[in-house]
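Its first residue numbered 1, the sequence shown is counted upward by one per residue in UniProt numbering.
Backbone N, C-alpha and C fix where the C-beta goes; we use that ideal spot for every residue, glycine too.
Right, one structure below, let's go through it.
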Amino acid sequence: MADDADVIIVGAGLAGLVAAAELAEAGKKIIIVDQEPEQSLGGQAFWSFGGLFLVDSPEQRRMRIRDSHDLALEDWLGTAAFDRPEDFWPRKWAEAYVGFAAGEKRSWLIQRGLKFFPVVGWAERGGGNAIGHGNSVPRFHITWGTGPGVLDPFVQRVREAQKRGLISFKFRHRVDELTRTGATVDGVRGDILQPSTAERGHKSSREISGDFELRAQAVIVASGGIGANHQLVRENWPQRLGAAPKRMITGVPDHVDGRMLAITERAGGSIINRDRMWHYVEGIKNWAPIWTDHAIRILPGPSSLWLDARGKRLPVPLYPGFDTLGTLSHIMSTGFDYSWFILTKKIIQKEFALSGSEQNPDLTGKSWRQVLGRATSGIPGPVKAFMEKGEDFIVEADLPALVARMNALAGGEALLEVAQVEREIRARDRQLDNPFSKDMQITALRGARAYLGDRLIRTAKPHKMLDPANGPLIAVRLNILTRKTLGGLQTDLDSRVLGADGQPVAGLYAVGEAAGFGGGGVHGYAALEGTFLGGCIFSGRSAGRAAAASVA
Ligand SMILES: Cc1cc2nc3c(=O)[nH]c(=O)nc-3n(C[C@H](O)[C@H](O)[C@H](O)COP(=O)(O)OP(=O)(O)OC[C@H]3O[C@@H](n4cnc5c(N)ncnc54)[C@H](O)[C@@H]3O)c2cc1C
């Protein structure tokens, strides 16, 4: 049987598109197969905030941040905490990726048309020690145009190659099997799904209208992670994070179903680090959902007071935006699967950002006028909409009324006592009377404001929460939301999938989230943020180049 193309790519998300663009540049013929309709081209990246991890960039230097490759590598390795024999390739990927982020990444992306917002964000500030988890300095560079701004250059290149006859798409084609001749993967087989008019990101039907088979010299799996498949998330949930939450909401579209991982395993690929995941603890139910159980993550500044379900403050240093998985494991140890932020109007105005391209119309729409309006016009529109319509938000002028509504929202037995909550807030407020404090969060806030970017747009001037002049008071119920898969198909630095014997499976490559963003888990146990899109780009590029070199 003749080949239909040189290379087949399963998945038209960012990683698949980057690989396709590289292959087309090398003059290869590619078929991109995706189970979703054409309107969902780009997968998750379209919805993303477009935050990219860069090291020692001009944006950082302009914000007076001193960063270096060595500091970033120490942060990465302290965060990843690689400790398994199968971390051999993930560690190699981590070293290569930090080198990319400190070197060629920015200029390569700028050449392709990306631009960055000038204020660099400080995500995952860490567990409190210089060695260990967290970013020593801000490194989260927001792409101008957010997720669509990251995707556009690659979509454009792929569309141009499509016009030249090098790339063709097969939408609504769901791969169910990787086919082999001998030990070499050389094709895909699956079902053709009924045409769908579902809007971008909405769930599309799985009704079958036929089947298909395609052949090529190589197949690249670019199918994403498992975040929308709660059953798989629960099956692989690590004990070290406590029991899996009874209730989780979903931070990714329905197509992030994880099916393709087992399919690739059946063709000889080895999956490692299944128990490593990156789920968030600041999830709110979207009042205008796009996908099933649609959750939005709050990207919080550091000032909100974080209380558990019984009103006890979370321990040091579990402050907003410091240690995602440390906080998740603590919350699970409380016996509840939610927690609370208490904050003021002044804090929400400056510190609440919502992750997602659609939640940031100013940055996504590349409107400087609207972006500058953020600094002057009070609470951002999308945050205001959540305050008014979101089921997890409560706004009240006084604490007893706030606590009463928090109890009502949680349902069941009233777990929160006004006196307990008031004691936590009042004690915290009292720590502001001196320019120094034993309260580590207050000290952290003052430290954060020494960074220009935080002082400008991210960290409110420390103030007393119970002073009505700073009010009204706001409570937000924070749910656990599923998002990223840190483990995946084991790959070498050419993105070739390795089998259980550690040798490449001939003809088979994996990229993006399906490959744990490189190697089967470039992040190890935890992430520094903004590293996922970059992992798709880096691994997609390496697969594209290696596959182009390998096919005749
Ligand atoms: C709201 C949101 C905000 C985010 N913000 C950031 C951020 O700021 N910074 C950052 O670094 N990361 C961020 N991320 C994460 C990042 O966007 C994703 O990890 C990344 O886009 C994954 O890309 P991918 O190409 O690997 O997979 P996907 O985008 O999931 O694409 C996989 C594609 O494969 C298709 N597919 C799957 N199985 C099959 C099959 N069997 N047959 C055919 N097709 C199949 C799917 O339909 C899909 O189109 C965010 C994610 C979300 C959802």
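- In the pairwise beta carbon analysis, the region 234 to 249 is classified as touching the region 471 to 490: at least three pairs are separated by under 8 Å.
- Annotated three-state conformation of residue 358 is helix, per DSSP.
- When DSSP reads this structure, residue 479 sits in a beta bridge with 283 and 338.
- For residue 141, there is no enclosing alpha helix (DSSP H); the enclosing beta strand (DSSP E) covers residues 140 to 142.
- In this structure, the C-beta of residue 174 approaches ligand 1 to less than 7 Å from one of its heavy atoms.
- Judged by beta-carbon spacing, residue 297 lies within the 8 Å limit of residue 251, meaning their Cβ atoms are closer than that value.
- Within its own chain, the residues whose Cβ lies closer than 6 Å to the Cβ of residue 458, once the five positions on either side in sequence are excluded, are 301, listed in chain order.
- A residue is called buried once 16 or more other Cβ atoms fall within 10 Å of its Cβ, and residue 368, having fewer, is exposed.
- Taking a 10 Å sphere around the C-beta of residue 61, we find fewer than 16 other C-beta atoms and assign the residue as exposed.
- Per the coordinates, the alpha-carbon of residue 229 lies some 15 Å from the alpha-carbon of residue 202.
- Proximity of the beta carbon of residue 47 to ligand 1 is indicated: a heavy atom of the ligand is located closer than 7 Å.
- Around the CB of residue 304, 16 or more other CB atoms lie within 10 Å, so the residue is classed as buried.
- Inter-segment contact for the region 20 to 40 and the region 501 to 513 is absent: fewer than three beta-carbon pairs are separated by less than 8 Å.
- The way I'd put it, the region 148 to 168 doesn't touch the region 88 to 97; fewer than three beta-carbon pairs between them come closer than 8 Å.
- Distance from the C-beta of residue 141 to the nearest heavy atom of ligand 1 is not below 7 Å.
- Going by C-alpha positions, residue 81 is about 33 Å away from residue 343.
- Checking the DSSP bridge columns, you'll see residue 295 partnered with 285.
- DSSP, reduced to helix, strand and coil, places residue 237 outside both helices and strands of the structure shown, so it counts as coil.
- At the C-beta level, residue 536 and residue 15 come within 8 Å of one another.
- Proximity of the beta carbon of residue 224 to ligand 1 is indicated: a heavy atom of the ligand is located closer than 7 Å.
- Not a single heavy atom of ligand 1 lies less than 7 Å from the C-beta of residue 154.
- Apart from sequence neighbours up to five positions away, the residues of its chain that approach residue 122 with a beta-carbon distance below 6 Å are 138, ordered along the chain.
- The beta carbon of residue 318 sits closer than 7 Å to the beta carbons of 306, 326, 327 and 330 from its chain, once the five residues preceding and following it are set aside; these are given in chain order.
- DSSP links residue 173 through a beta bridge to 192.
- When beta bridges are read from the DSSP output, residue 34 appears opposite 171.
- Check the Cα spacing between residue 435 and each of 462, 182, 211 and 427: the tightest is with 462.
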